[in-house]
Structure formats: structure tokens, C-alpha cells
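So the structure is just underneath, and the comments pick up after that.
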Amino acid sequence: MTHATLCPDPVRRLAPRTIGPRTFDFANRVAVMAIVNRTPDSFYDGGATFALDAAVSAAVRAADDGADWVDVGGMAFSPDTPELSVAEELDRVLGVIEGIRAASDVVISVDTYRPEVARACVAAGADVINDTMGLRVDGMAEAVAETGATVVIAHSIAQPHRHHPRPTYGDVVAEIAQFLRAKVEAALAAGIAPDRIVIDPGHDLNKNTLHSLEITRRLAEITEIGLPTLVALSNKDFVGETLDAPRGERLIGTLAVTVMCIERGARIVRAHNVAPTVQTIRMAEAVLGLREPAWTRHNM
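Counting from 3, one number per residue, gives the positions in the sequence shown under the numbering used here.
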């Protein structure tokens, strides 16, 4: 088994970057991306934020709880949910983006793999395209370049909204790293600026639990690529299967793997439960010497 490496040097050398209205020092801080799914069948909340007002309110509440940005999704990655037309997806997300932007300066990302949706959402106020297809859909890299938005390039291997049963890899982490490096090169060739690129190894996206545990264990091999790395761990199946925990009981496991990923260089954490995630991150930052305690009185 490959031994884990903590916080590789390229992470410590990350330059501050501006995303939308906010500036992030990823060498020394970890950002929280809150999840707001405007879907009637969200695996986590069962559609609690499907109504427009509920979605906007959830986003504003997440920002108040310490989220640095909010990720808005109109269609789930899972092919077990209905596939939407472009018009239907836009109908779900545009109003949420406009509502959040009117109420908050939080960074807004949209979880989509469609170029048409990306363009319209950036025009409506989104700052980031969170692409779970990793720029594999024709025209997406060019669409992101045209808008000037930041892009999250996630690793996955299935065709959009299609099952990929029993995925196999020779070396899952090495293959993810190779994929991400190639997609970063494609992004640069399409005109996306290097300071507009974030990478995501795609825990559970066309991977089984053993794959996702290996990604977590060896995340330093991804973060050493030298770009801000996002991890989407929140309440995922690999946490549930590891702990034999149903979806409503995965927070502790999620926070445990969050700390391990931060140690190995992750700098953006996608989360359903914002307040406990913020506290977990701030504690991890302090232990790693990246943040001073809020105050020091004990035995001082």
C-alpha cells in the first residue's frame, strides 16, 4: 500500500486568487462550498430546497453559517433520476442564481456539464462552472473560456447521465491524476486561464467505496498537481458503506475524511452541513499552523 503524504509543497505555494466577488488564499485557508440542489429528488434532502424561495433561503443561510460559496444544481449526476432538457435545467437554476446574487456576495457555482447552461448561468450571475463531466462534453471548455468563469474539472468516466456499472481501474489515483492533467492542458488550450481552474478527483463518481477510500488515502498525488483541489465527500455512499450508516447518519464520517483530505492538501470542501464543516475546517487549519486560535486564555 502506498503511504500517504501530507500537504505537498505545491499546495503551500498556491497563489491567492479571486473567484467572483471574493479572494481566496488557498495556501493557508480552506473554502467551504455549500450544496443547494433545486431538484425534487435530491439524495440528501429529498427535495427540501426544490421550491425557489427555499433554495435561495438555504443559500443565504449557508453563507451566514460560513460558506464561502454555494453550488447550485438542477439535475443530479445519478442516472437514476430523470434527465432534463436544457430548458428544464435552466428553469430550475437561473432563478436561484439571480436570487442568491441579489441577496449575497457569496461565490455562486452551477453544477452542470452543458455548455448552453454554463453560458446562461454565468450571464445570470454565477462565478463558477462545476463540471462533473470534466470538460468531456463538446464545447464546454470553449464555453467556459468565453465567459471567463472559473471551472471545477472533476474526474468521471461515464457518458452524461448514464450508468457505468462496476468501474475498474488499474491504479485509480494514478489514472485520475493523468485524466486531470490532460483536462487541464485541454482547458488551457481552449483559452481558460490557469487561475480559473480547480480540480476534483470525483469521489464516488463512477468509483466504488474502495476506490474512494484510496483516493482519500493518496489525495496528495492529486493536490501535488498544483491547482486548488476540491473534494466532494458530503454524505456520500463510500462513507455510508464504510460505516454501515444510512444517509442521515453520515456527518461524523464525512467530517473525518474531510480532515484527512485537508491534511493532504484539499482546499475546497463541498458540504451539505455547513456549520459543523466550518468548525472542522477551522480546527484542522489551526492544527496545521494555518490559522491562529480565535483566542488563547487557557494556561496563558
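Glycine included, C-beta positions come from ideal geometry on N, C-alpha and C.
It should be emphasised that the depicted structure is a prediction, and the values quoted were computed from it without experimental measurement.
Item	Value
Close Cβ partners of Thr211 (< 8 Å) along its chain, the five nearest in sequence each way excluded	Asp239, Phe240, Glu243 and Thr244
Inter-residue spacing [alpha-carbon to alpha-carbon] between Arg19 and Thr25	6 Å
Residues that Asp113 bridges to, as DSSP identifies them	Gly75 and Asn132
Spatial distance of Ser80 from Asp129 (CA atoms)	24 Å
Classification of Ala143 by the beta-carbon crowding that lies within 10 angstroms, buried from 16 upward	buried
Beta-carbon contacts of Glu226 that lie in its chain and below 6 Å, excluding the five residues immediately before and after	Pro10 and Pro12
Rounded separation between Asp107 and Ile99 - CA only	12 Å
Host alpha helix (DSSP H) of Ile201 (start-end)	First-last for Ile201: Ile199 to Asp202, but that is the beta strand (DSSP E), not the alpha helix (DSSP H).
Three-state class that DSSP yields for Ile227 in the structure shown	coil
Cβ separation of Pro230 and Ile270, assumed to be a contact under 8 Å, to the nearest whole Å	6 Å
Pick from Arg138, Leu16, Ala145 and Pro162 that is closest to Ile155, judged by C-alpha positions	Arg138
Cβ neighbour criterion (16 or more within 10 Å) applied to Ser87	exposed
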